[in-house]
Amino acid sequence: MNVGLIGVGTVGGGTYKVLTENFQEIFHKTGIEIKVTLVADKNVALAKQLVGTSIPVVSDALELIDSKEVDIVVELIGGTGIAKDLVKQALLNGKHVVTANKALIALHGKELFAAAENNNVQLAYEAAVAGGIPIIKALREGLAANKIEWVAGIINGTTNYILTEMKENNLSFDVALKQAQELGFAEADPTFDIEGVDAAHKITIMASIAFGIPINFDGVFVEGISNLNQKDITYAEELGYRIKLLAIAKSEQDSVEIRVHPTLIPEKRLVANVSGPMNAVLVKGNMVGPTLYYGAGAGAEPTASAVVADIIDIARQSKISTKSLIPSLGFMPNQIKNKKLLAIEEVWSEFYLRLTMENKSGLLAKITNIFANHKISIDALVHKEVQEDNQDPDIFLVSSKVQEHQINKVIKEIEALPENKDKIIKLRIEELK
Ligand code: NDP
Ligand code: HSE
């Protein structure tokens, strides 16, 4: 099996390393010699430094996808521009494609899977979700017997690294982000990480596989961590929670909810303790119950581990057929059906609110009255002691489980009080039970 590698940056470099260093291991497991026969990268000189002189390097990736020396094209350049054209053309050329590009699958998966199907080849994307964790295989194969009820996970290594560094080492947001970039975890445009877009790409893909719904990135509610305040990380801890950027997909009888946002998770949950660039995905199946998958979500070798697993799958299956026995999205294509997508206002959750109010007598009574008028109970309320004379106290609380439009009304009324001094901070809580 001849592999053509497009892009030898972080993941491409890792993929080359895994294929060469573990060549014998892979041969023993497959009986197939899997070799890199051609490399394409914009920076030919740098690519040559990596792969040496024995493997040809070209700057034009079109040359690679047209080459007779390539059976499997591995796209590791990223983005949805040139990467899409190359992947589509490779499939039309009758070549299998392996990619780690979640943006590409989340935005153009439907078209590309159809192209793969029509040309009797495979488009594999294990590395696109949760780096080295084989979560696509788990959902499509290991849990195939189940109706999946929900999926929830920490699926962006960069943001988890930032949150960990802010909490444990008191690093500022910007310094932690810079470190994540230097370590190769972040996207080319890191706003994709910090604004939750990358996690949204990934949960879009998982939701489709879990529930048999079309890939629909536009339906995901997305809120990132860029506005997260250190105070809330500390106060959440006082209440027994950790804040994580969580991606959640839930399926009810006729509807689904798919969302990404900073989330308070009880500290006793295993996922609350996932730190650094590590990822964790919880999947609840109706027969198996909850299952948990943990591992490195970003970085060269862990991601390459998933890329190479896809290459191995294709190589093994090609002994029988060029097509995979496993549908690309786990469900038979004619069984992929739309479900009603809930707006965030319709979703049920407990909420953490932080209020900035002038310290006046009777204030707490006013706040609790507003909650009582809306028949929402307060499960916890902390009124911080004032440190200095001219300072207003912080008030933070946890509401009972309500639909988001209900808590929004409460927030609006509290913000209209004369004592209110700033926008109320609202964060969602997930018990993950
Ligand atoms: P990098 O930026 O490190 O590597 C991309 C490489 O592709 C660079 O060497 C770049 O060259 C080259 N390149 C860009 N455009 C072209 C082109 N038109 N033709 C040939 N080569 C090109 O990215 P990563 O390795 O981090 O990411 C690659 C993909 O993997 C992305 O889709 C990303 O989302 C995904 N991914 C990344 C993970 C990670 O931990 N980094 C984990 C999981 C998935 P140059 O630098 O000169 O532009
Ligand atoms: N930027 C991504 C992350 C890479 O930080 O998780 C892995 O998909």
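The UniProt record's numbering puts the sequence shown at residues 1 to 433.
Every residue gets a Cβ at the ideal spot worked out from N, C-alpha and C, and that includes glycine.
Sorry if obvious, but does the Cβ on residue i come closer than 8 Å to a heavy atom of the ligand NDP?
i, result
"residue 102", "yes"
"residue 439", "Since the first and last residues shown for the chain are 1 and 433, residue 439 lies out of range."
"residue 51", "no"
"residue 284", "no"
"residue 78", "yes"
"residue 11", "yes"
"residue 324", "no"
"residue 160", "no"
"residue 313", "no"
"residue 392", "no"
"residue 88", "no"
"residue 8", "yes"
"residue 43", "yes"
"residue 435", "Absent from the structure is residue 435, since the part of the chain shown begins at 1 and ends at 433."
"residue 191", "no"
"residue 67", "no"
"residue 128", "yes"
"residue 427", "no"
"residue 82", "yes"
"residue 46", "yes"
"residue 99", "yes"
"residue 280", "no"
"residue 40", "yes"
"residue 61", "yes"
"residue 152", "no"
Give a yes or no on whether the C-beta atoms belonging to residue i and residue j are separated by under 9 Å.
i, j, result
"residue 406", "residue 367", "no"
"residue 73", "residue 4", "yes"
"residue 281", "residue 153", "yes"
"residue 346", "residue 408", "no"
"residue 100", "residue 125", "yes"
"residue 293", "residue 130", "yes"
"residue 300", "residue 14", "yes"
"residue 272", "residue 202", "no"
"residue 184", "residue 295", "no"
"residue 139", "residue 206", "yes"
"residue 17", "residue 304", "yes"
"residue 168", "residue 255", "no"
"residue 2", "residue 69", "yes"
"residue 225", "residue 262", "yes"
"residue 117", "residue 328", "yes"
"residue 39", "residue 6", "yes"
"residue 284", "residue 149", "yes"
Can residue i be considered in contact with the ligand COA, in the sense that its beta carbon sits closer than 8 Å to one or more heavy atoms?
i, result
"residue 308", "This structure does not include the ligand COA; its bound ligands are the ligand NDP and the ligand HSE."
Going by DSSP, what residues sit across from residue i in a beta bridge?
i, result
"residue 403", "348"
"residue 58", "40"
"residue 125", "DSSP output for residue 125 lists no bridge partner at all."
"residue 428", "263 and 351"
"residue 356", "394"
"residue 383", "395"
"residue 250", "150 and 257"
"residue 280", "154 and 294"
"residue 241", "266"
"residue 99", "75"
"residue 378", "399"
Nearest-angstrom Cα distance between residue i and residue j?
i, j, result
"residue 349", "residue 417", "25 Å"
"residue 415", "residue 359", "15 Å"
"residue 342", "residue 31", "48 Å"
"residue 35", "residue 314", "13 Å"
"residue 48", "residue 121", "30 Å"
"residue 45", "residue 186", "24 Å"
"residue 240", "residue 53", "56 Å"
"residue 194", "residue 220", "16 Å"
"residue 383", "residue 181", "38 Å"
"residue 165", "residue 278", "13 Å"
"residue 335", "residue 110", "14 Å"
"residue 437", "residue 251", "No answer is possible for residue 437: the residues shown for the chain start at 1 and end at 433."
"residue 364", "residue 432", "30 Å"
"residue 286", "residue 378", "32 Å"
"residue 209", "residue 142", "12 Å"
"residue 395", "residue 403", "22 Å"
"residue 215", "residue 331", "12 Å"
"residue 22", "residue 96", "21 Å"
"residue 370", "residue 413", "7 Å"
"residue 10", "residue 42", "14 Å"
"residue 199", "residue 155", "6 Å"
Shell residues, 6 Å Cβ cut-off relative to heavy atoms of the ligand HSE: 131, 156, 157, 158, 185, 186, 187, 193, 198, 297 and 298
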